[in-house]
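A short worksheet on the structure shown next.
Number of protein chains: 2
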Amino acid sequence: MLIIGERLNGMFKRVKSAIEQKNKKEIQAVAEEEIKAGAGMIDINVGTAAADQEGTMKWLVETVQEKFPKIPLAIDSSKPEVVLAGLKVCRNPVLINSTTAEDAKLEKLLGFAVEYKADILGLTLDENGIPSQKDERVALAAKILMTAMEMGLSPSQVYIDPVVLPVKFGQDQCLTMISAIRDIKTALNDPPPKTAIGLSNISNGAPKEMRPLINRTYLVMCLAAGLDGAIVDPYDTDLVDAMITSELLLNKQIYSDSFLKAYRTSH
Amino acid sequence: MLIIGERLNGMFKRVKSAIEQKNKKEIQAVAEEEIKAGAGMIDINVGTAAADQEGTMKWLVETVQEKFPKIPLAIDSSKPEVVLAGLKVCRNPVLINSTTAEDAKLEKLLGFAVEYKADILGLTLDENGIPSQKDERVALAAKILMTAMEMGLSPSQVYIDPVVLPVKFGQDQCLTMISAIRDIKTALNDPPPKTAIGLSNISNGAPKEMRPLINRTYLVMCLAAGLDGAIVDPYDTDLVDAMITSELLLNKQIYSDSFLKAYRTSH
Numbered sequence: 006m007l008i009i010g011e012r013l014n015g016m017f018k019r020v021k022s023a024i025e026q027k028n029k030k031e032i033q034a035v036a037e038e039e040i041k042a043g044a045g046m047i048d049i050n051v052g053t054a055a056a057d058q059e060g061t062m063k064w065l066v067e068t069v070q071e072k073f074p075k076i077p078l079a080i081d082s083s084k085p086e087v088v089l090a091g092l093k094v095c096r097n098p099v100l101i102n103s104t105t106a107e108d109a110k111l112e113k114l115l116g117f118a119v120e121y122k123a124d125i126l127g128l129t130l131d132e133n134g135i136p137s138q139k140d141e142r143v144a145l146a147a148k149i150l151m152t153a154m155e156m157g158l159s160p161s162q163v164y165i166d167p168v169v170l171p172v173k174f175g176q177d178q179c180l181t182m183i184s185a186i187r188d189i190k191t192a193l194n195d196p197p198p199k200t201a202i203g204l205s206n207i208s209n210g211a212p213k214e215m216r217p218l219i220n221r222t223y224l225v226m227c228l229a230a231g232l233d234g235a236i237v238d239p240y241d242t243d244l245v246d247a248m249i250t251s252e253l254l255l256n257k258q259i260y261s262d263s264f265l266k267a268y269r270t271s272h
Numbered sequence: 006m007l008i009i010g011e012r013l014n015g016m017f018k019r020v021k022s023a024i025e026q027k028n029k030k031e032i033q034a035v036a037e038e039e040i041k042a043g044a045g046m047i048d049i050n051v052g053t054a055a056a057d058q059e060g061t062m063k064w065l066v067e068t069v070q071e072k073f074p075k076i077p078l079a080i081d082s083s084k085p086e087v088v089l090a091g092l093k094v095c096r097n098p099v100l101i102n103s104t105t106a107e108d109a110k111l112e113k114l115l116g117f118a119v120e121y122k123a124d125i126l127g128l129t130l131d132e133n134g135i136p137s138q139k140d141e142r143v144a145l146a147a148k149i150l151m152t153a154m155e156m157g158l159s160p161s162q163v164y165i166d167p168v169v170l171p172v173k174f175g176q177d178q179c180l181t182m183i184s185a186i187r188d189i190k191t192a193l194n195d196p197p198p199k200t201a202i203g204l205s206n207i208s209n210g211a212p213k214e215m216r217p218l219i220n221r222t223y224l225v226m227c228l229a230a231g232l233d234g235a236i237v238d239p240y241d242t243d244l245v246d247a248m249i250t251s252e253l254l255l256n257k258q259i260y261s262d263s264f265l266k267a268y269r270t271s272h
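Line by line, the protein sequences give chains R and V. In terms of the working numbering, the first sequence opens at residue 6 and continues consecutively. In terms of the working numbering, the second sequence opens at residue 6 and continues consecutively.
Structure, rendered in structure tokens:
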């Protein structure tokens with residue numbers, strides 16, 4: 006599974022403060038920690054750290070790729086102009102995070118993906134919000150994928166995110182999302198698109214000490230349904246262990262008695 | 006999920022020694038610990054603890070139900086005469102553990118189930134061993150279920166065990182078994198039979214310190230596929246926590262901020 010590290014986000018105090026002080030070393034230290042913990046891609050999100058979101062995104066991208074010229078980056082913003090500011094300076098492989106299935110937004114961000122040879126993550130929501138039914142989410146996934154392919158992207162460049170909702174506020178939605186992943190991976194197209202989720206939302210609102218248990222349990226279920234990637238906290242060792250063990254059981258990593266260590270050495 | 010406690014087994018030193026000394030209190034203490042840890046059924050297995058397996062099974066059943074007259078018991082032996090010795094003295098609800106799909110054995114043990122109003126667990130293996138393909142295991146499950154129904158049992162009395170094999174010795178078998186569970190729960194009969202597995206075999210041969218992680222990760226995957234019960238070590242708190250959290254995410258337990266405690270209080 007592709008681990009997309011979620012810690013380089015202006016909503017974290019450490020990152021916010023580094024942005025305010027233009028402290029490159031601290032930003033690079035966060036990226037380095039994430040990579041060492043297993044992240045194969047670094048999500049970059051300005052958050053609410055700065056008034057100048059475009060300038061901040063540009064600075065963050067440049068700062069990370071100055072130290073890590075090969076690590077793929079996810080340019081994370083709901084604002085197209087902030088995404089564009091990141092794309093313009095990005096020399097590393099890049100994932101646009103994210104578009105939705107809303108016509109205007111989808112067309113604009115797919116245009117960016119084509120222009121900048123970027124992968125793109127599409128959330129299964131549109132003008133009407135997030136559908137509560139599985140089939141409707143799969144239909145939005147199909148819309149995103151088909152539009153991307155019409156514009157010249159390959160299915161392997163498209164990540165679909167069927168939107169994780171908190172178990173606390175809608176328990177039936179947990180299984181709906183998992184079924185959506187399975188359908189997207191098996192029934193949508195051959196080859197299918199990739200799937201990725203923002204995992205931590207599953208435990209939103211739950212007591213802090215329960216969140217890691219909920220997160221890793223849900224991740225195991227999603228992986229068994231075919232999930233390809235997730236935006237997660239790579240500092241959560243138990244979570245990464247559960248992910249590695251899932252890959253072992255799903256026959257995606259060859260068994261060895263020291264399979265945790267073997268995975269970490271090779272990633 | 007029905008937790009079937011696996012600790013009352015003559016292969017464990019503590020139980021073996023209690024059998025040799027006819028120490029009722031110690032046997033009852035093991036049962037009590039399992040129940041407190043969340044077991045809804047106690048598996049009783051003589052193991053290799055005694056030459057007189059039939060007499061030992063009888064004594065164990067009587068000893069447990071003397072203290073716990075309502076807890077369901079699983080009479081666990083591959084020898085029909087040992088199962089029969091347990092059934093004859095059992096007043097508690099009871100699960101025969103286990104038959105296979107071999108004609109003679111299946112007929113004999115289903116006969117016991119009918120006579121003693123017992124539930125029965127059927128392993129998907131026959132004269133040719135354990136099929137490596139999912140469809141063949143499902144076919145054996147169908148054979149067990151249909152034969153049971155012809156003899157007058159209801160589907161809810163039948164547990165199918167699609168046989169967990171060690172990840173160390175056949176990684177592709179992990180997913181095969183999970184697919185078998187899903188098919189048995191969705192495509193075999195309406196209503197479907199129950200499913201149960203002997204979980205610990207998944208980590209057989211793996212280093213001792215890695216076994217709990219492998220066990221609980223696999224259990225979460227099996228639960229997401231529809232598993233109803235498992236023979237497990239209820240002393241493994243992390244395993245039981247993963248099981249409870251899975252039930253939460255599968256919408257089988259109502260969310261509360263203290264869902265682990267809520268589950269344990271109500272079971």
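Just so it is clear, CB atoms sit at the ideal spot from N, CA and C, and this is done for glycine as well. Please read these numbers as outputs of a predicted model, since none were measured by experiment.
Only residues of its own chain outside the window of five on either side were considered, and among them Ile207 have a CB closer than 6 Å to the CB of Tyr223 of chain R, listed in chain order.
Sixteen is the threshold: when 16 or more other Cβ atoms of the shown chains lie within 10 Å of the Cβ of Thr200 of chain R, as they do, the residue is buried.
Short of 7 Å from the beta carbon of Ala267 of chain R, and not among the five residues preceding or following it, lie these beta carbons of its own chain, in chain order: Ser261. Around Ala147 of chain V, the same chain offers Leu193 as residues with beta carbons nearer than 7 Å, after the five sequence neighbours per side are excluded. Shown in chain order are the members of the segment 218-235 of chain V whose Cβ falls below 7 Å from a Cβ of chain R: Leu218, Ile219, Thr222, Tyr223, Val225, Met226, Ala229. As summarised for the segment 29-83 of chain R, the continuous alpha helix (DSSP H) elements at least 4 residues long and confined to that stretch are 29-41, 58-72, given in chain order. At a cut-off of 8 Å between beta carbons, Asn209 of chain R makes no contact with chain V.
The CB of Ala247 of chain R comes closer than 8 Å to the CB of Leu218, Thr222 in chain V, given here in chain order.
Within chain V, the residues placing a beta-carbon under 7 Å from that of Asn256 of chain R are Gln176, Asp177, Cys179, Leu180, ordered along the chain.
When DSSP states are grouped into helix, strand and coil, Gly91 of chain R belongs to the helix group. By the Cβ rule, the segment 177-185 of chain R does not count as touching the segment 208-215 of chain R, because fewer than three pairs are nearer than 8 Å. The Cβ-Cβ distance between Ala185 of chain V and Val143 of chain V falls below 8 Å. Interface annotation, Val172 of chain V: in contact with chain R, CB-CB separation under 8 Å. Within the same chain, and ignoring the five residues on either side of Arg19 of chain R in sequence, no residue has its Cβ closer than 6 Å to its Cβ.
Ser205 of chain V has a beta carbon lying at 8 Å or more from every beta carbon in chain R. Under the 8 Å criterion on CB atoms, Leu126 of chain V is classed as non-interfacial with respect to chain R. At a beta-carbon threshold of 8 Å, the residues of chain R lying near Ile183 of chain V are Ala229, ordered along the chain.
With a cut-off of 8 Å on Cβ pairs, the segment 44-61 of chain R is in contact with the segment 90-108 of chain R, counting three or more such pairs. In the structure shown, the three-state DSSP call for Val169 of chain R is coil. Against Asp131 of chain V, chain R offers no close residue; the least beta-carbon distance is about 26 Å (beta-carbon pairs closer than 8 Å). Look at Pro212 of chain V: its C-beta is under 8 Å from a C-beta on chain R.
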